[in-house]
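Accompanying notes for the structure given below.
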Amino acid sequence: MFTGVLCEREGLALKMSSLEGVDYICSYEYPFEVTGGGGKRWIQLLPHVFRMDTALSLDERADGVLVRSYDELMYVLSEGYRGEIVADSGLYTMNNAALQSLLEEGVTRAVCPPELNFRELLDRGGADRSELVLYGRSALMISANCTYKNSTSVTKYRHACLTECRPAALSSVADGRPSTPSSALHVDIHSAQSLSTFSDRSTSTKKCAGAGQERIQFYVNLTDRKRTDFPVLCDCRYCYNVIYNSVPTSLHKAMDKVLELSPASVRLDFTTEDLGSAMAVTKYYVNLIRNLESESRPGGKGTKTAVPKELEKFTYGHFKNGVE
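In terms of this note's numbering, the sequence shown opens at residue 935 and continues consecutively.
This is the structure in structure tokens:
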């Protein structure tokens, strides 16, 4: 069972790639300092939304691509791509027939739908060609409406978003310049607090109309009537928003069931996490999997691993109860 990490933010993948126990990195940018990756694989991450004017470039250094829509799958196949093709959970494989149809199209493995519970995943079958997400915030909605641009406090950016921000991002991708942002921003649009950056590195030369900064990806918070915060990724490169769940899904207390499923690979998805949190969660899961695999062998013994603070609040998602 291989272990991979998905890094939504640029810069994180390069630092995560050196961790022991991580077999592959899924990211927009090349995650290794030296060519080859020291035996680790790179799965190139494609955007959630693929439009007619989306400029994509399949990197020859990638061992595979993660496609997030049927449009991207058809694009990759039409390009004659010969690397590994991983279908994300958005390409639903709710049953074995759906899984087999994707495999026949050329998909190497498919990510298990988060809507299925443990028993349904067992009935689905095809574990040897499946990937299960163990950790990460679930995407509740993917929208073309910009949460930041449409908030009342920043209406002056609406015109600039269309005339400056998105065209600049598209030309950046087309020219081969780094299309991913150097850092992400957390903004509470309800309290209008000042912006705080994750990183001080900068690769973008154009200002994001919404953030007013030299970067083209940032986060804002949506707060509901119960004062629960939902992180929103504003991705100006491809002009869409992703609204994430308020807490991450984590299966660290159901690992006995995960081992029973025995998927070909498992994945940890990092979206809003900083480097410290991402490393803590990754190290914990790597040790947890090793201990459980050791205990499953005759005469094997494992050691207990302390649960990091990042997993104090979590949800099982639909893994236990499924959906009606």
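Cβ coordinates follow ideal geometry from the N, Cα and C atoms, glycine included.
If I'm right that residue i touches residue j with Cβ under 8 angstroms, what's the distance once you round it to whole angstroms?
| i | j | result |
| --- | --- | --- |
| E1065 | V1041 | Not confirmed; about 11 angstroms, so no contact. |
| I977 | V1020 | 6 angstroms |
| E942 | F1152 | Their Cβ separation, rounded to whole angstroms, is 12 angstroms, which puts E942 and F1152 out of contact at 8 angstroms. |
| L1037 | R1058 | Actually they are not in contact, since the Cβ atoms of L1037 and R1058 sit about 13 angstroms apart, beyond 8 angstroms. |
| M1028 | P1197 | No, M1028 and P1197 are not in contact; Cβ-Cβ is about 16 angstroms, not under 8 angstroms. |
| T937 | V1241 | Rounded, the Cβ-Cβ distance is 18 angstroms, inconsistent with contact. |
| V1067 | P1048 | 7 angstroms |
Grab me the residues of residue i's own chain with a C-beta within less than 6 angstroms of its C-beta, minus the 5 sequence neighbours each way, in chain order.
| i | result |
| --- | --- |
| R975 | Y958 and D997 |
| L1156 | F1164 and V1166 |
| K1247 | V1181 |
| F966 | S951 |
| S1184 | Y1069, L1245 and F1248 |
Of the residues the options, which one's Cα is nearest the Cα of residue i?
| i | options | result |
| --- | --- | --- |
| I1150 | N1175, R1161 and D1163 | N1175 |
| T969 | K1083, V956, S951 and D1169 | S951 |
| K1243 | E1207, T1027, Y1004 and S1012 | E1207 |
| A1212 | L1245, D1005, A1198 and S1199 | L1245 |
| L1056 | V1192, A1214, D1005 and G1210 | V1192 |
If I measure Cβ to Cβ from residue i and keep anything under 8 angstroms in the same chain, skipping five residues before and after, which residues do I get?
| i | result |
| --- | --- |
| T1239 | Y1218, N1221, L1222 and N1225 |
| E954 | V1220 |
| H1124 | Low confidence applies to H1124: its pLDDT is 36, below 50, so where it sits in the model is not reliable, and the reading given next is rough at best. Around H1124: N1155 and T1157. |
How far does the alpha helix (DSSP H) with residue i in it extend, from its first residue to its last?
| i | result |
| --- | --- |
| V1010 | Y1004 to S1012 |
| S1035 | N1030 to E1039 |
| L1025 | Neither: L1025 is in no alpha helix (DSSP H) and is coded neither H nor E. |
| L946 | L946 to M950 |
Across which residues does DSSP place residue i in a beta bridge pair?
| i | result |
| --- | --- |
| Q1151 | D1169 |
| T1157 | D1163 |
| T937 | V1200 |
| N1175 | S1077 and C1168 |
| Y1250 | Paired residues: none, contrary to the question. |
| I1223 | Bridge partners of I1223: none, in fact. |
| L979 | L1000 |
Please go through the same chain and pick out, in chain order, the residues whose beta-carbon is closer than 7 angstroms to the beta-carbon of residue i, but skip the five residues on each side of it.
| i | result |
| --- | --- |
| A1188 | Y1250 and F1253 |
| D1022 | L1000, V1001, R1002 and V1045 |
| A947 | C941, I959, S961, E963 and P965 |
Please report the residue range of the beta strand (DSSP E) in which residue i lies.
| i | result |
| --- | --- |
| L1056 | It is not in any beta strand (DSSP E) - L1056 instead sits in the alpha helix (DSSP H) that spans F1052 to R1058. |
| M1075 | A1073 to S1077 |
| A1021 | E1018 to A1021 |
| E1065 | S1064 to G1070 |
| V1045 | R1043 to V1045 |
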